[in-house]
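Asks:
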Amino acid sequence: MKLTAEQHQQFDDNGFLLVPDVFSLDEVIALRDESNAIFQHHRPEIWREKNGEPRTAFGCHEYNEVFRALTLDSRLVKPVEQIIGEQLYIHQFKVNPKVAFEGDTFPWHQDFVTWHEDDGMPEARAMNAAIFLDDVHASNGALMFVLGSHKEGMIYAEDVNGRRWLERKDVVRLIRSGDDIAIAEGRAGSVLLFHGDVVHGSAGNITPLPRRILYVTYSALSNHLLRPTRPPYIAHRSFEPIVAVERAVQHATAHHTA
Ligand SMILES: O=C(O)CCC(=O)C(=O)O
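Quick note on this note's numbering: the sequence shown kicks off at 956 and runs consecutively.
This is how it looks when you write it as structure tokens:
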């Protein structure tokens, strides 16, 4: 998948880009099935909400073949290579299910401040490619972005209990009216690309509609971690170059649709 000049410009202007209907429904169903099976496990890589429901399953591409294939899929790798302008390695992989009724908030933050301060990533030459595994609506916990906020560069935020949420004074400075915020809504199978410095967050999900989103964080090969402190299942230590595979997920999930 190659971004058009217009899509690339939108990403540069806003700090994110939503590309609808990239993965087929068969692929999405297979990815949902794999995620649901993983959420049943109790292992340190699977973090939970206060009531025990899954919140984030990290690093599952390391033990699940479908997810491993997904990280190589050219529909994710190629547009990110195009934006970053270099070959990539995988910095992080996670599925955030934001379960029905219980999925909790992610306060406003930038991702790069954590990658830099805690993982020792030198530059913001890394970004997320996210796949919607459910239809994402404003109501079931869509990501919200502060338009153009990646142009601020890294805004320092203190580590509080392992997270670096933005301080309120910075949020107040950045969000002057509702027009400063964009909500990334889209159908299951859409891909959302976003910059490491773009300010984003999401509200809780009080609807009966789950909102599963899968995230692969890719970084430029020359931008490898210098002094990672977080566990390897969160900040990966393999800096192998990714070689894109055409429709890798479709091949890996063929048994679901055969
Ligand atoms: O899945 C979400 O709603 C937000 C996730 C996020 O921003 C994060 O994990 O840093």
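All C-beta atoms in this analysis are idealised placements derived from N, C-alpha and C, irrespective of residue type, glycine included.
Which residues, in chain order, sit with a beta-carbon under 6 Å away from any heavy atom of ligand 1?
Replies: Working through the chain, the matches are N1051, K1053, F1061, D1066, G1096, L1098, H1155, S1157 and I1168.
Asks: Determine contact between the segment 1168-1178 and the segment 1078-1086, defined as no fewer than three beta-carbon pairs at a distance below 8 Å.
Replies: Judged by Cβ distances under 8 Å, the segment 1168-1178 makes contact with the segment 1078-1086, as three or more pairs qualify.
Asks: Taking only runs that begin and end inside the segment 1108-1166, name each unbroken alpha helix (DSSP H) of 4 or more residues, in chain order.
Replies: As far as the segment 1108-1166 is concerned, its whole alpha helix (DSSP H) runs of at least 4 residues are 1123-1129.
Asks: Just list the alpha helix (DSSP H) runs in the segment 989-1031, keeping only unbroken ones of 4 residues or longer that don't cross its boundaries, in chain order.
Replies: Fully enclosed alpha helix (DSSP H) runs of 4 or longer: 1020-1027.
Asks: Less than 8 Å between C-beta atoms, sequence neighbours within five positions excluded: which residues of the same chain meet that for H1064?
Replies: The answer, listed in chain order, is A1112, R1118, R1119, W1120, L1121, V1154, H1155 and G1156.
Asks: Taking 6 Å as the limit between beta carbons, can you name the residues of its chain near F944, skipping five residues before and five after?
Replies: No answer is possible for residue 944: the residues shown for the chain start at 956 and end at 1213.
Asks: Rounded to whole angstroms, how far is the Cβ of A1175 from the Cβ of I1039, which I believe are closer than 8 Å?
Replies: Indeed they touch by this definition, with Cβ atoms about 5 Å apart.
Asks: Within a Cβ cutoff of 8 Å, which residues of the same chain sit near L1043, ignoring the five residues on either side of it in sequence?
Replies: If we look at L1043 and ignore the five residues flanking it on each side, its Cβ neighbours are V1032, V1035, E1036, Y1173, S1174, A1175, L1176, P1196 and I1197.
Asks: Take the Cβ of P948 as the centre, count every other Cβ of all protein chains shown within 10 Å, and call the residue buried at 16 or more, exposed below.
Replies: An answer regarding residue 948 cannot be provided, because it is not within the stretch 956 to 1213 covered by the chain.
Asks: Taking F978 as the reference, which of L972, P1183 and L986 has the closest Cα?
Replies: Measuring from the Cα of F978, the nearest candidate turns out to be L986.
Asks: Is it the case that the Cβ atoms of D1048 and H996 are separated by a distance below 8 Å?
Replies: Note that residue 1048 corresponds to Phe in the displayed sequence, not to Asp. No, the pair does not count as a contact, with Cβ atoms beyond the cut-off.
Asks: Just to confirm my understanding: we take A1213, look at its own chain, exclude 5 residues before and 5 after, and list those with CB closer than 6 Å. What are they?
Replies: Model confidence at A1213 stands at a pLDDT of 47, short of 50, so the residue's coordinates are unreliable; what they give is reported in the following sentence. Nothing meets the Cβ criterion.
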